[in-house]
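Remember, this note's numbering sits 2 above the position in the sequence shown when you count from 1.
C-beta atoms are modelled at their ideal positions from N, C-alpha and C, and glycine is treated no differently.
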Amino acid sequence: MHDSAGIDRRAALAAGLVGVGGVMSAGVVASALAGAGARGQERQGKPVDDFWAQRLGYSAQKGVFELPPLPFAPEALEPHIDAQTMTLHHGRHHQAYVNGLNAALKKLGELRDGAIEPALYRHWTRELAFNAAGHANHTLFWGTLAGPSAGGGGRPAGPLLSAIDRDFGSFEKFEGQFKATAAAVEGNGWAWLVVHRAMPGGRLMVSASERQQDLYFWGSEPILGVDVWEHAYYLKYQNRRSDYLGAFMNVIDWAAVSARYAAIVGP
Ligand code: MN3
């Protein structure tokens, strides 16, 4: 995949300039490649080099989160994930989490100022956690997908593949655990490939979420997730979640996942 500036995204990834391919703007990549030191925005003179801070689309000017654009065309993942699913999933479902997050922040501000009943703290803090997780999960999700013509599928290389072999035994064993975990999520949720920050050497594990954040594995940082809410697959696969999971393996952008792994684990 090439961005509008004609810069090879994988070259930028290999140079460690972007965490998840395609999400950062061409202009930012171009200036970083030019050695302009533009690795994200400056805040009070200190560079911000944080995955979530850079990607969640918070507008300081407006004081709200905004839906980041899908980093590829809705039909890019065909035939594995169809364009209509992608359009609805990003434009309606992901947008709803962004809206819900903004609403929760606004209501909690009103609570703090005494405008509404304190009993509603419980409701709105739940709304906050659910919608913030939904926004973050989908933002990560889009950034780790690539269609067949953009290098999606296959398997990772380099340090990530070595770590998968070390921690799961083989790529096939990882894939088996990842798909089995995703297939077993009760109701709506996600399966994740995570790095645990407290364990040395970039230790990898598979975890799961129910809904957006229930079962969250504290201390872990996701580098790949598969959305198994029915809205992610029902139009094309109906109730056949395992068929969707098989297709999903063909649209994983392992270069992006590897870059995320490297950014967490370090050199
Ligand atoms: Mn979803």
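Rounded C-alpha distance that separates residue i from residue j
| i | j | result |
| --- | --- | --- |
| residue 195 | residue 216 | 16 Å |
| residue 232 | residue 177 | 21 Å |
| residue 222 | residue 54 | 14 Å |
| residue 124 | residue 161 | 43 Å |
| residue 186 | residue 84 | 23 Å |
| residue 108 | residue 67 | 12 Å |
| residue 269 | residue 201 | 16 Å |
| residue 228 | residue 96 | 14 Å |
| residue 266 | residue 70 | 22 Å |
| residue 113 | residue 141 | 28 Å |
| residue 76 | residue 175 | 31 Å |
| residue 249 | residue 241 | 14 Å |
| residue 189 | residue 213 | 8 Å |
Beta-bridge partners of residue i, as assigned by DSSP
| i | result |
| --- | --- |
| residue 65 | Residue 65 pairs with nothing; no bridge assigned. |
| residue 210 | 193 |
| residue 227 | 194 |
| residue 255 | Per DSSP, none; premise fails for residue 255. |
| residue 60 | 67 |
| residue 147 | 254 |
| residue 216 | 212 |
| residue 222 | 198 |
Beta-carbon proximity check, residue i vs residue j, cutoff 7 Å
| i | j | result |
| --- | --- | --- |
| residue 103 | residue 133 | yes |
| residue 260 | residue 158 | yes |
| residue 87 | residue 226 | no |
| residue 204 | residue 165 | yes |
| residue 253 | residue 82 | yes |
| residue 59 | residue 99 | no |
| residue 121 | residue 255 | no |
| residue 127 | residue 258 | no |
| residue 245 | residue 206 | no |
| residue 1 | residue 181 | A question about residue 1 goes unanswered here, because the residues of the chain that appear run from 3 up to 269. |
| residue 234 | residue 210 | no |
| residue 2 | residue 152 | Since the first and last residues shown for the chain are 3 and 269, residue 2 lies out of range. |
Residue i beta carbon near the ligand MN3 (any heavy atom closer than 6 Å)
| i | result |
| --- | --- |
| residue 193 | no |
| residue 137 | no |
| residue 231 | yes |
| residue 198 | no |
| residue 2 | The displayed coordinates of the chain run from 3 to 269. Any statement about residue 2 would go beyond what the structure contains. |
| residue 234 | yes |
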